[in-house]
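Residue 3 is where the sequence shown starts when you use this note's numbering, and the numbers rise one by one after that.
The next block holds one structure in the form of structure tokens; read it before the comments.
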Amino acid sequence: AADNRLEAARHAALSQIAQESAGKENDDAAQQALNLIDEDSARLFALIGISDAKRQAEKEEEALNYLDEARTFASGVPQYSSRSSAFNQLAERYAALGSAEKARAAATENLQTIAQIRDDSAKAVSLLNLANVFKSQNFEISDAERKTLQTMLRKAEW
């Protein structure tokens, strides 16, 4: 357990270094710190953070590139709740950068991820968070998404 906490702290520190470096236009240092993060989920959230730093520096194209890279790691995150959180963050960031199509695709991938969550309370929280993304981005629910939601509701134990 102590090793896990130490590794998590190491990843958080490297992520912070990468974000700070990217914000100061030191992309080589950011990439070096990022390369030292060996866990996909930690790398994914670090990439989202670097994208935020680039967006704040008004480097929108670079911010989008980092989001695209982050998205390649999202499907590999083993814990579905963490994966769902990542897809929500990706959808929000893509929308903020004016990439509505990618935002919508991330939201759709998130619904598919949530359908795989087995714990009912975790599933409910993830659905609520996704609903907030749909509401804030004015996304319409497609027929396929409606069917996925109906299937989830039928399977839920009340």
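We treat Cβ as the ideally placed atom computed from N, Cα and C, and that holds for glycine.
Checklist entry - Which same chain residues, not among the five before or five after residue 9, have their C-beta less than 8 angstroms away from its C-beta? => result As a first step, residue 9 must be located in the sequence shown, where it is residue number 7. Excluding sequence neighbours, residue 9 sits near 41.
Checklist entry - Does the beta-carbon distance from residue 65 to residue 57 come in below 8 angstroms? => result Here residue 65 is taken as the residue at index 63 of the sequence shown, counted from 1. Here residue 57 is taken as the residue at index 55 of the sequence shown, counted from 1. It is a contact, given that the beta carbons lie within the stated cut-off.
Checklist entry - Which residues mark the beginning and the end of the alpha helix (DSSP H) in which residue 141 is found? => result Numbered from its first residue, the sequence shown carries residue 141 at position 139. Careful: residue 141 lies outside any alpha helix (DSSP H) and carries neither H nor E.
Checklist entry - How would you call residue 112, buried or exposed, if buried means at least 16 neighbouring beta carbons within 10 angstroms? => result Reading the sequence shown from its first residue, position 110 is the one you call residue 112. Residue 112 should be labelled buried.
Item to check | Element boundaries [alpha helix (DSSP H), containing residue 18] | outcome: Taking the sequence shown and counting its residues from 1, one reaches residue 18 at position 16. Start and end: 4 to 25.
Checklist entry - Between which two residues does the alpha helix (DSSP H) harbouring residue 51 extend? => result Reading the sequence shown from its first residue, position 49 is the one you call residue 51. That run of the alpha helix (DSSP H) goes 42 to 58.
Next on the checklist: Here's the rule: buried if 16 or more other CB atoms are within 10 angstroms of the residue's CB, otherwise exposed. What is residue 51?
Outcome noted: Taking the first residue of the sequence shown as position 1, residue 51 is located at position 49. Burial call: buried.
Next on the checklist: Once DSSP output is grouped into helix, strand and coil, what is the label at residue 135?
Outcome noted: Taking the sequence shown and counting its residues from 1, the one referred to as residue 135 is at position 133. In the structure shown, residue 135 sits in a helix (DSSP, three-state: H, G or I).
Item to check | residue 20 beta carbon less than 8 angstroms from that of residue 36 | outcome: Translated into positions along the sequence shown, residue 36 becomes position 34. Translated into positions along the sequence shown, residue 20 becomes position 18. The answer is yes: Cβ separation under 8 angstroms.
Checklist entry - Per DSSP, what kind of secondary structure is residue 120 in: helix, strand or coil? => result Locating residue 120 in the sequence shown gives position 118, where the first residue counts as 1. Coil.
Next on the checklist: For residue 129 and residue 75, I'd like the C-alpha separation in whole angstroms.
Outcome noted: Your numbering for residue 129 matches position 127 in the sequence shown. Your numbering for residue 75 matches position 73 in the sequence shown. Distance between the alpha carbons of residue 129 and residue 75 is about 21 angstroms.
Checklist entry - So, using beta-carbon positions, are residue 139 and residue 93 closer together than 8 angstroms? => result Here residue 139 refers to the residue found at position 137 when the sequence shown is read from its first residue. Here residue 93 refers to the residue found at position 91 when the sequence shown is read from its first residue. Yes, Cβ-Cβ distance for residue 139 and residue 93 is below 8 angstroms.
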